[in-house]
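Counted from 1, the sequence shown has number 213 at position 208 by the working numbering; the numbering is strictly sequential. Virtual Cβ for every residue (Gly too), placed ideally from N, Cα, C.
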Amino acid sequence: MTDAPTGQGSSPEPQLTHLDAEGRVRMVDVGDKAVTTRTATAEGVFRTRPDVVTMVAGDSLGKADVLATARLAGIGAAKKTSELIPLCHQIPLNSVKVHFDLDDEAGEIHVKATAKTTGRTGVEMEALTAVSVAGLTLHDMVKAVDPLATMDGVRLAAKTGGKRGDWTRESEEATGNDDEVTRANTGPAALDSGRSGVVVVSSTAAAHGHREDTTGPAIEGWLLERGFSPVEVHVVADADIATAVTEHVRRSPAVLFTTGGTGVAPDDRTPEATAPHLELELPGVAEAMRARGLAATPTAAMSRGLAGFAGRTLVANLPGSTGGVRDGLAVLDDLLEHLLDVHAHGGEHR
Numbered sequence: 006m007t008d009a010p011t012g013q014g015s016s017p018e019p020q021l022t023h024l025d026a027e028g029r030v031r032m033v034d035v036g037d038k039a040v041t042t043r044t045a046t047a048e049g050v051f052r053t054r055p056d057v058v059t060m061v062a063g064d065s066l067g068k069a070d071v072l073a074t075a076r077l078a079g080i081g082a083a084k085k086t087s088e089l090i091p092l093c094h095q096i097p098l099n100s101v102k103v104h105f106d107l108d109d110e111a112g113e114i115h116v117k118a119t120a121k122t123t124g125r126t127g128v129e130m131e132a133l134t135a136v137s138v139a140g141l142t143l144h145d146m147v148k149a150v151d152p153l154a155t156m157d158g159v160r161l162a163a164k165t166g167g168k169r170g171d172w173t174r175e176s177e178e179a180t181g182n183d184d185e186v187t188r189a190n191t192g193p194a195a196l197d198s199g200r201s202g203v204v205v206v207s208s209t210a211a212a213h214g215h216r217e218d219t220t221g222p223a224i225e226g227w228l229l230e231r232g233f234s235p236v237e238v239h240v241v242a243d244a245d246i247a248t249a250v251t252e253h254v255r256r257s258p259a260v261l262f263t264t265g266g267t268g269v270a271p272d273d274r275t276p277e278a279t280a281p282h283l284e285l286e287l288p289g290v291a292e293a294m295r296a297r298g299l300a301a302t303p304t305a306a307m308s309r310g311l312a313g314f315a316g317r318t319l320v321a322n323l324p325g326s327t328g329g330v331r332d333g334l335a336v337l338d339d340l341l342e343h344l345l346d347v348h349a350h351g352g353e354h355r
């Protein structure tokens with residue numbers, strides 16, 4: 006999917022980018038766009054009967070594995086988006102995730118898909134296609150017992166990356182703003198501090214598309230497995246790490262993990278970006294992560310990563326290597342829930 010141009014001040018109204026000067030359809034040339042990490046989340050609601058949702062949850066329909074089948078269909082459809090929608094670009098997908106929330110009382114299955122790429126154009130259509138085809142597959146799986154089921158409200162929920170930056174439907178609807186220019190400048194919305202997570206990757210090479218980041222997705226998957234949702238991953242150049250940390254600390258997620266920029270190179274500035282925000286430092290956690298890394302490589306001693314609380318947000322600086330991230334997460338695996346619980350309850354050990 007491509008970004009539509011925006012005007013400012015008295016500039017003309019934004020035009021449809023898929024039309025040429027004569028009004029004929031065309032494929033937009035994105036060759037001059039910057040290569041950035043981009044994500045998009047779409048959502049929709051599959052409406053059926055309460056008893057059908059119960060059967061889906063209990064895997065008691067004639068067609069078994071309903072959710073797994075719908076998930077695979079959504080992922081597969083996202084990968085085929087450029088074949089289904091004529092003017093979409095072929096883009097390399099870093100990941101596609103399809104999630105279902107079942108509400109048996111309302112007879113609804115809420116479908117959410119998040120697509121991610123590192124490229125020159127966005128993945129909105131891939132996320133929307135994943136939700137749409139997952140919903141179609143749900144209908145195929147339940148139509149024998151409820152042919153009246155519907156898939157409603159398929160829409161874009163959020164996007165990150167590209168020249169327009171971060172956008173969420175929630176913040177748009179809260180302001181009632183329908184102006185294209187303001188949409189482009191909307192910053193990230195506040196997060197529910199209960200179980201939300203943000204991962205900030207400090208890597209100039211990854212931010213500019215010169216190499217693929219693997220540490221951010223690794224941390225994201227680790228957090229999702231432990232019940233954190235939503236989890237966002239943001240890749241920034243080393244020079245932008247202070248701005249990124251400040252921006253996301255203000256959103257008050259439950260956890261904010263950084264990766265990269267903890268060494269001794271001139272552009273390694275993650276600890277300096279983190280320190281001003283820590284109201285309660287946890288030096289023992291940082292030392293434990295370093296000690297874990299030392300068992301594998303002596304260069305772990307060079308890490309200057311910090312850990313602590315910024316308000317209610319647990320912040321931890323992890324190294325920029327896959328092994329360093331793995332070691333850091335192994336330490337946090339034993340401490341994370343206890344840290345969050347004790348800090349949230351005023352020091353009470355429960």
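TODO: Would you please state the rounded distance, in angstroms, between the beta carbons of LEU66 and MET146? I believe it to be under 8 Å.
DONE: 7 Å
Task: Sequence ranges, beta strand (DSSP E) only - wholly within the region 189–277, length at least 3 - done: Runs of the beta strand (DSSP E) inside the region 189–277: 202–207, 236–241, 260–264.
Task: Rounded straight-line distance, which links the Cα of ARG295 to that of THR302 - done: 10 Å
Task: Sequence-distant residues of its chain with Cβ nearer than 6 Å to ARG174 (five each side left out) - done: ALA162
- [ ] Give the DSSP bridge partners of LEU385, in chain order.
- [x] In the structure as shown, the chain starts at 6 and stops at 355, and residue 385 therefore has no counterpart that could be examined.
Open item on the list: Taking the beta carbon of MET60 as the centre, do at least 16 other beta carbons fall within 10 Å, making it buried, or is it exposed?
Closed with: buried
Task: Of the listed residues THR264, ALA300, ARG309, VAL33, nearest to THR323 (C-alpha basis) - done: One point to set straight first is that residue 323 is Leu, not Thr, in the sequence displayed. Of THR264, ALA300, ARG309, VAL33, the residue nearest in Cα terms is THR264.
Open item on the list: Assuming LYS84 is part of the alpha helix (DSSP H), what are its boundary residues?
Closed with: 71–84
TODO: Using only alpha-carbon positions, find the residue among THR275, MET156, PRO91 that is nearest to SER137.
DONE: MET156
- [ ] Look up ARG31 in the DSSP assignment and say whether it is helix, strand or coil.
- [x] DSSP places ARG31 in coil when its eight states are reduced to three.
TODO: Could I get the ranges of all uninterrupted beta strand (DSSP E) runs contained in the region 84–113, with 3 residues as the minimum, in chain order?
DONE: 98–108
Task: Local conformation of GLY63 per DSSP, three classes - done: Secondary structure at GLY63: helix, using DSSP grouped into helix, strand and coil.
- [ ] Pull up the distance between the alpha-carbon of THR86 and that of GLU131, whole angstroms please.
- [x] Their backbone Cα atoms lie some 6 Å apart in a straight line.
- [ ] Look at THR267 and GLY221 and say whether their C-beta atoms are less than 9 Å apart.
- [x] no
TODO: Following the continuous beta strand (DSSP E) through ALA312, name the residue where it begins and the one where it ends.
DONE: 312–315
TODO: Identify whether ASP171 lies in helix, strand or coil by the three-state DSSP scheme.
DONE: coil
- [ ] Measure from the C-beta of ALA162 to each C-beta in chain C and report whether the shortest distance is under 9 Å.
- [x] Here there is only one protein chain, and chain C is not present.
TODO: Can you give me the Cβ contacts of THR165 inside the same chain, cut-off strictly under 6 Å, excluding the 5 residues immediately before and after it?
DONE: THR44, ASP171
Task: Residue closest to HIS350, alpha-carbon to alpha-carbon, out of ASN99, GLY232, GLY199 - done: Scanning ASN99, GLY232, GLY199 for the CA closest to the CA of HIS350 turns up GLY199.
Open item on the list: Taking its Cβ as the centre, do 16 or more other Cβ atoms sit within 10 Å of GLU230, making it buried, or is it exposed?
Closed with: exposed
Open item on the list: SER201 and SER234 - do their beta-carbons sit closer together than 9 Å?
Closed with: With contacts defined as CB atoms closer than 9 Å, SER234 and SER201 qualify as a contacting pair.
Open item on the list: Please report the straight-line C-alpha distance between THR74 and LYS117, rounded to a whole angstrom.
Closed with: Distance between the alpha carbons of THR74 and LYS117: 15 Å.
Task: Beta-carbon proximity check, LEU107 vs ARG31, cutoff 9 Å - done: no
- [ ] Please report how far the alpha carbon of ASP8 lies from the alpha carbon of ALA47, in whole angstroms.
- [x] Any reading at ASP8 is ruled out, since the residue's pLDDT is 42, under 50, leaving its predicted position unreliable.
Open item on the list: Taking the alpha-carbon of THR42 as reference, which of LEU340, GLY333, GLU237 has the nearest alpha-carbon?
Closed with: Residue GLU237 holds the alpha-carbon nearest to the alpha-carbon of THR42 among LEU340, GLY333, GLU237.
Open item on the list: Using only the alpha-carbon positions, how far apart do GLU217 and ILE224 sit?
Closed with: 15 Å
- [ ] Could you check which residue in ALA305, GLY329, VAL290 has the C-alpha nearest to that of LEU340?
- [x] For LEU340, the closest alpha carbon among the candidates ALA305, GLY329, VAL290 is that of VAL290.
Open item on the list: Which residue wins for smallest C-alpha separation from ARG52, given the options ARG29, GLU113, GLU88?
Closed with: For ARG52, the closest of ARG29, GLU113, GLU88 by C-alpha to C-alpha distance is GLU113.
- [ ] Please look up how many angstroms separate the CB atoms of VAL206 and VAL241, rounded, as I've assumed it's under 8 Å.
- [x] 7 Å
Task: Secondary structure of ARG52, DSSP reduced to three states - done: strand
Open item on the list: Applying the 10 Å Cβ sphere with the 16-neighbour rule, what's the burial state of ARG29?
Closed with: exposed
- [ ] Quick one: give me the first and last residue of the alpha helix (DSSP H) that VAL147 is part of.
- [x] 129–147
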